[in-house]
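Data block below; observations after.
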Amino acid sequence: GGREANQISDDYRYQDGNYEGYAPNDGYYRGGDEPAHEEDAQSDVTEGHDEDDEVYEGEYQGIPHPDDIKEKQKKRAPAMADEYRDRADLMAERMEDEEQLAHQYENIIEECGHGRFQWTLFFVLGLALMADGVEVFVVGFVLPSAEKDMCLSSSNKGMLGLIVYLGMMVGAVMLGGLADKLGRKKCLIISLAINAAFAFLSSFVQGYGFFLFCRLISGLGIGGSLPIVFAYFSEFLSREKRGEHLSWLCMFWMIGGIFASAMAWSIIPHYGWGFSMGTKYHFHSWRVFVLVCSLPCIASLVALKFMPESPRFLLEIGKHDEAWMILKQVHDTNMRAKGEPERVFTVAYIKTPKQVDEFIEIQSSTGTWYQRWLVRITTIFKQVWDNVLYCLTAQYRMNTLMLAVVWFTMALSYYGLIVWFPDMIRYLQEEAYESRVKIFDEEEVSHFTFNFTLENQIHRYGEYRNDKFIDMKFKEVRFEDSLFEDCYFENVTSSETFFENCTIISTTFYNTDLYEHKFINCRIINSTFEKEKEGCHLDFEEDNDFLIYLVSFLGSLSVLPGNIISALLMDKIGRIKMIGGSMLISAVCCFFLFFGNSESAMIGWQCLFCGASIAAWNALDVITVELYPTDKRATAFGILNGLCKFGAILGNSIFASFVGITKAVPILLASSALVGGGLLALRLPETREQVLM
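Residue numbers are given in UniProt numbering: position 521 of the sequence shown equals residue 521, and the series is strictly consecutive.
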């Protein structure tokens, strides 16, 4: 077609050496032999053809009318002069294109329908969200065992509890921003791969430092998945389905908590589920639990390989054909599942926004390989930083600041109380345990062999002569102002056991863990310590382990009613009323904690608080997705979710420090934060009727 058009054009222009084309009647003289005019005519007639004669825009339609020529020149002029145009003009044109695309895309998604494809993606992304829920609970469950296995001090335990949130905070901002530049699917795969690799590795490492590093990077990976999951799934949903189905997706976070609680309950107490390699390498049951908890992430990672990229993202970066093919796949998959395979995908062309920021590919001959990669990485991170700043421009500044306050207050209260509830229950248990302590005064024991466990006892002013303590355990035992003379200790394991102001004469300690720090102000005369136990040792199996796992299990399960209610009402009452109402009800539940003076009361109020607050979390996820355009959506979600994890770190630190001191500060702080955040949320714009920009 291109060659024929050129031939016709040549025949038309030149007949017997004379130019027969018409001259435009615009008042200007144009000579018949002017080369410039000839080139213009050649360009006009051969429009739609490149230098290889390949048709890429249209076919030759005959002799153009003068008005058509002028109109085409006007349309081509902006494209030819883009590099000289003001960036503000280009951005304004892009925003106009995006608005047209938003409405067209909404119609396309409605034509594709909601069916098998969305439900398949729902379960794949649900596994990724489940992995995020598991990550939050893992460290809390393994900490009691890991602290003995790796000789953790109180400060080390605190750091291990917070390091996961720190990684999540960094990962949400970094990977969320990259998802707007590199793609939802690619960045989600990177995120899940990082989490799976380092979670798996952390179950095998022995040292505290390396374990801490693995959990940090694991948290970084899974922290990046949360913003991407919601941005990714929302771009396959129509307006009328978006609020409901994003809320259903949130249920997988609850399933992750239930899974972690059930696995901890069934695996960790079985101390024998493991193996040892010599005296240095031990793989105990809590490490098996860490390994099992990486399974949801691995499953999601494998399934994600079979899912397509978000077509909405592809349209944003100008990849029209790829986006069209994916949308056709969605349409055909759903139509076949509905028994209507004959239905044809009627969309022929989709509007693509004007591309402003484009990569300039560096040639392989330019510089060294690391210089080329450095330029690419620098360019990507500059674009991510520009996206971050864009969220604070006049158009989005107020919404971003209000959302930031709501996210922060919600996280400060929720994550603070999530840690405070188990700590308070444990404190109440310890108080009850201490109230049952047995006290022995001025006992005299001689020539006796102790080969059984002593637990929760205080021995004062006792005298022990020629006694043997063999193959036994001390748990929560204190000897005060006592005398040990000619005694023999062998293969003794102790927990929270101390000797205070005691006199120890001619006594042998062989293969015990009664180290120097357990003898406080004692006089040790003519006594020997031989072959002390190396490393740390697990506590004896706790009777209250079952209760701690049950508390976490019930706390996760209690959000089920809130999830169902929020999913069913999200599109009926709106996102704003859902956030405000949920936060205010949660504040009331929090206030009534003043009357929780028993374990059962604390568990009950925890379940009510979690069930009431989950609706606010779901609505926050939905409104954050809907308030920002596609090319900024994951970035904005990542920033706000990163701020959420910062609130979680503060909440954990502040609330835990008041356990056993006062209940007033945590309760009043959580209640006031929830009330303030809930009232501020009512000023946010409602988004349930708007299309996804």
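No residue lacks a Cβ here, since even glycine has one placed at the ideal position from N, Cα and C.
| Item | Value |
| --- | --- |
| Enclosing beta strand (DSSP E) for phenylalanine 440 [first to last residue] | 438-441 |
| Phenylalanine 408, buried or exposed, once every other Cβ within 10 Å from all chains shown has been counted against 16 | buried |
| Cβ-Cβ distance between leucine 412 and glycine 647 below 7 angstroms | yes |
| Secondary structure, beta strand (DSSP E): runs of 3+ residues fully inside the stretch 212-274 | none |
| Top-ranked residue by Cα proximity to glycine 611, from Thr528, Met254, Asp441 and Lys475 | Met254 |
| Distance between tyrosine 165 and glycine 638 (C-alpha atoms, nearest Å) | 14 angstroms |
| 6 angstroms Cβ shell around alanine 303 - same chain, five flanking residues per side excluded | Val124 |
| Alpha-carbon to alpha-carbon, isoleucine 614 and valine 559 | 6 angstroms |
| Given isoleucine 505 as reference, the closest of His517, Val492, Ile470 and Asn466 once Cα atoms are compared | Asn466 |
| For serine 446, the nearest candidate out of Glu500, Leu483 and Met472 (CA to CA) | Leu483 |
| In DSSP terms, what leucine 483 is bridged to | Glu463 and Thr503 |
| Residue environment, glycine 660, which counts as buried when at least 16 other CB atoms sit within 10 Å | exposed |
| DSSP-derived helix/strand/coil call for lysine 74 | Only weak support exists for where lysine 74 lies, its pLDDT of 49 falling under 50; the value from the coordinates is given anyway. Of the three classes helix, strand and coil, the one that applies to lysine 74 here is helix, per DSSP. |
| Threonine 635 - containing alpha helix (DSSP H), residue span | 630-656 |
| Per-residue burial, phenylalanine 499 [other beta carbons within 10 Å of its own, 16 or more giving buried] | buried |
| Cβ neighbours of arginine 688 in the same chain (closer than 7 angstroms, five flanking residues each side left out) | Gly243, Asp571, Gly574 and Arg575 |
| The alpha helix (DSSP H) enclosing isoleucine 564, as first and last residue numbers | 559-573 |
| Closest residue to leucine 620 among Pro422, Leu226, His114 and Cys293 (Cα-Cα distance) | Leu226 |
| Run of the alpha helix (DSSP H) containing serine 202, from where it starts to where it stops | 184-202 |
| Range of the contiguous beta strand (DSSP E) that encloses serine 446 | 444-446 |
| Proximity below 7 angstroms, CB of aspartate 321 to CB of aspartate 631 | no |
| Contact check, serine 495 vs lysine 518, beta carbons under 7 angstroms | no |
| Pairwise C-alpha distance: glutamate 340 and isoleucine 579 | 40 angstroms |
| Spatially closest choice to aspartate 486 from Ile524, Tyr461 and Asn511, by CA coordinates | Ile524 |
| Nearest residue (CA-CA) to leucine 389, options Phe213, Arg184 and Gly177 | Gly177 |
| Closest Cα partner of methionine 169 within the set Thr333, Val136 and Lys185 | Val136 |
| The beta strand (DSSP E) enclosing threonine 493, as first and last residue numbers | 488-495 |
| Contacting residues, own chain, Cβ-Cβ under 7 angstroms from phenylalanine 655 (five flanking each side not counted) | Gly416, Leu417, Val419, Trp420 and Pro666 |
| Cut-off 6 angstroms between Cβ atoms - residues of its own chain near glutamate 442, not counting five sequence neighbours on either side | Tyr461 |
| The stretch 670-677 touching the stretch 211-221, judged by at least three CB pairs closer than 8 angstroms | no |
| Extent of the continuous beta strand (DSSP E) run through arginine 397 | Careful: arginine 397 lies outside any beta strand (DSSP E), inside the alpha helix (DSSP H) at 397-435. |
| Span of the beta strand (DSSP E) around phenylalanine 529 | 528-530 |
| Pick from Leu557, Phe448, Met472 and Val292 that is closest to glutamate 455, judged by C-alpha positions | Met472 |
| Rounded straight-line distance, which links the Cα of glutamate 444 to that of glutamate 463 | 5 angstroms |
| Host alpha helix (DSSP H) of threonine 346 (start-end) | Run containing threonine 346: none; DSSP gives neither H nor E here. |
| Beta-carbon proximity list for alanine 404, same chain, < 7 angstroms, skipping 5 on both sides | Leu640 and Leu643 |
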